[in-house]
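In terms of this note's numbering, the sequence shown has 316 at position 314, counting the first letter as 1, and numbering is strictly consecutive.
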Amino acid sequence: KAAAGEEAAYPRWVRINTLKSSLEEQLETTFRGYSRVSSIQDVVAKEGKHILIDTHVPNLVAITPGCDLSKSKAYTAGQIILQDKASCFPAYLLDPRSEDGDVIDACAAPGNKTTHLAAILHSHEPEFKSEPQTIFAFEKDSRRAMTLEKMVKIAGSNTMTRIALGQDFLQVDPESERFRNVGALLLDPSCSGSGIVGRDSMPELHLPVPPRQGPGRDLKSEATNKRKRRHDEAQDSSETVIRDDDGNETVIKSEKDLTERLDALAGFQQIILLHALRFPSARKVTYSTCSIHSQENEQVVMKALNSDIAKEQGWRILRRNEQVRGMKDWPVRGLVEACNGDKEVAQGCIRSYKDDGHGIMGFFVAAFVRDVAGQGEEE
Ligand code: SAM
């Protein structure tokens, strides 16, 4: 079956869930009939079924658009996750380890990044762990929280890493005893969604429930369908659709509308980010959006870096040369002018654009870190 419209120019990205399977196993089973190619252009344009093993993100493949895996055994068993390459950047960049203690996924539904975090934690797990690690996954929207719960059930693994579900991240007290050991946080808040290509490969972005894939697809309601129609209509015209914090979509008709919405979203994103920087044991935080607007990206990062909390607590941007290999190698970086001319911060920021030939959606991610004096020393 051929992919339609804009999506035909993009491969379908598939993350192998290493909590349930391995790349080797999937190459021999689910992707047995696929021929290996070495460029995105070949995956997209060549006749037949093709597969490319990604060189930036481990356990990620790109396959010919239009190949429907939603009924495959691997998909229904949670062995593979349909997740755009860019959407894999935040958990990979955060790179949680056992020494980071517990982890928070602050804006979690439908849960692609939650299960990715769990898989990464597991891959680094030492043979003997003194204490089990917990991923606290927060989701404010109750309908989306149901999707998250389903996804965690299908693709997570409680025997390896505990995933605890919570509601509004902004309502929790960073100083609470429960979060004493939280060393890493992943923030993927609601945004304008201006980097989105099509709905199929990005279930997390516009629609509360994925239309054709994802464990929550049977939860479709009239309200969801209405939002979907509105989104489709706006995509066909020159209008832009903004999905706000509460899950509502707004059609933007003018520059002024857009500026106002972006300001409102950036305000909310800033609050989430500053809240995360307050967790006493936190050492790593990633901030990501599927927006291409610098108001939601570099500008939020710069404001956070200049905040009192960041200065008091010693937060800074994770420099490019400190990043995990695939992210260090990723060529598209932040906008220097939006970082007030700070080249080091801009290089630390990671971007993608949907029309730049990498076959992925428009995206932004940056990691904040802080070095703690005396860390690792004997007391
Ligand atoms: N990280 C998800 C993934 O990869 O599957 C996608 C997250 S989506 C871009 C943003 C989510 O944040 C939405 O589901 C939204 O309902 C949720 N959200 C917004 N404000 C929140 C808050 N204060 N606490 C928890 N979740 C929130």
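Ideal Cβ positions, reconstructed from N, Cα and C, are used throughout, including at glycine. If you're wondering where the values come from, they're calculated on a predicted model, not measured in any experiment.
Expressed to the nearest angstrom, what Euclidean distance is found between the alpha-carbon atoms of residue i and residue j?
| i | j | result |
| --- | --- | --- |
| R318 | R372 | 6 Å |
| R323 | A368 | This sequence places Asn at residue 323; Arg is not what is there. The alpha-carbon atoms of N323 and A368 are separated by roughly 13 Å. |
| L84 | S72 | 9 Å |
| P60 | R327 | 10 Å |
| C109 | I274 | 9 Å |
| P213 | E314 | Annotation note: pLDDT 32 at P213 (below 50); position unreliable, coordinate value reported separately. Those two C-alpha atoms are separated by around 45 Å. |
| Y94 | L260 | 31 Å |
| S74 | T32 | 8 Å |
| K22 | S309 | 41 Å |
| R321 | E300 | 14 Å |
| M329 | E8 | 26 Å |
| A76 | S159 | 16 Å |
| T288 | D97 | 10 Å |
| V338 | E27 | 42 Å |
| R285 | D102 | 8 Å |
| E298 | E257 | 16 Å |
| K48 | D331 | 27 Å |
| P333 | T117 | 26 Å |
| I352 | G359 | 16 Å |
| R201 | C193 | Its pLDDT being 35, under 50, R201 is placed unreliably in this model, and the value from its coordinates should be taken loosely. Spanning the two alpha carbons is a distance of roughly 15 Å. |
| I311 | K305 | 11 Å |
| H52 | R335 | 29 Å |
| L276 | V199 | 29 Å |
| E127 | I165 | 16 Å |
| L25 | K87 | 16 Å |
| Q81 | R17 | 9 Å |
| A268 | V302 | 7 Å |
| T20 | A79 | 12 Å |
| R99 | S89 | 20 Å |
| L307 | H58 | 27 Å |
| L150 | E133 | 25 Å |
| S296 | D265 | 11 Å |
| A11 | S37 | 19 Å |
| E30 | V39 | 16 Å |
| R180 | F270 | 25 Å |
| S178 | Q272 | 21 Å |
Among residues of its own chain, excluding the 5 on either side of residue i, which ones have a beta-carbon nearer than 8 Å to its beta-carbon?
| i | result |
| --- | --- |
| P13 | I42, V45, V46, L54, A64, I65, T66, P67, G361 |
| A147 | A111, E141, L167, Q169 |
Can you determine whether any heavy atom of the ligand SAM sits closer than 7 Å to the C-beta of residue i, and answer yes or no?
| i | result |
| --- | --- |
| S144 | no |
| G103 | no |
| A110 | yes |
| E257 | no |
| F140 | yes |
| G113 | yes |
| D386 | Outside the shown range of the chain, which is 3 to 381, sits residue 386, and nothing can be said about it. |
| D70 | no |
| P191 | yes |
| S196 | no |
| S23 | no |
| D383 | The chain is shown from 3 up to 381; residue 383 falls before or after that span and cannot be answered. |
| S309 | no |
| S89 | yes |
Enumerate in chain order the residues of its own chain whose CB-to-CB distance from residue i is below 7 Å, with the five nearest sequence positions on each side excluded.
| i | result |
| --- | --- |
| T163 | A120, L123, H124, Q135, I137 |
| G197 | C292, S293, I294, K356, M363, G364, F365 |
| D190 | P92, C109, K115, S290 |
| Q325 | L95 |
| C69 | R14, K51 |
Might you give, ordered along the chain, the residues of its own chain that have their beta carbon closer than 6 Å to the beta carbon of residue i, omitting 5 neighbours on each side?
| i | result |
| --- | --- |
| I106 | F138, V184, L187 |
| D56 | L62 |
| P176 | R280, F281 |
| Q237 | Per-residue confidence for Q237 stands at a pLDDT of 47, beneath the threshold of 50, marking its modelled position as unreliable; the derived number appears in the next sentence. The answer is none, since no qualifying residue turns up. |
| F370 | V287, W317 |
Using 8 Å as the Cβ pair cut-off and three pairs as the minimum, do the stretch 181-188 and the stretch 341-358 touch? The stretch 181-188 is not in contact with the stretch 341-358.
Would you say the stretch 276-283 touches the stretch 336-345, given that touching needs at least three Cβ pairs under 8 Å? no
Could you check whether the stretch 137-155 touches the stretch 105-116, counting it as contact only if at least three pairs of C-beta atoms, one from each stretch, sit closer than 8 Å? yes
Flag this pair as touching only if the stretch 164-173 and the stretch 139-148 have three or more C-beta atom pairs under 8 Å; answer yes or no. Contact holds: three or more Cβ-Cβ distances are below 8 Å.
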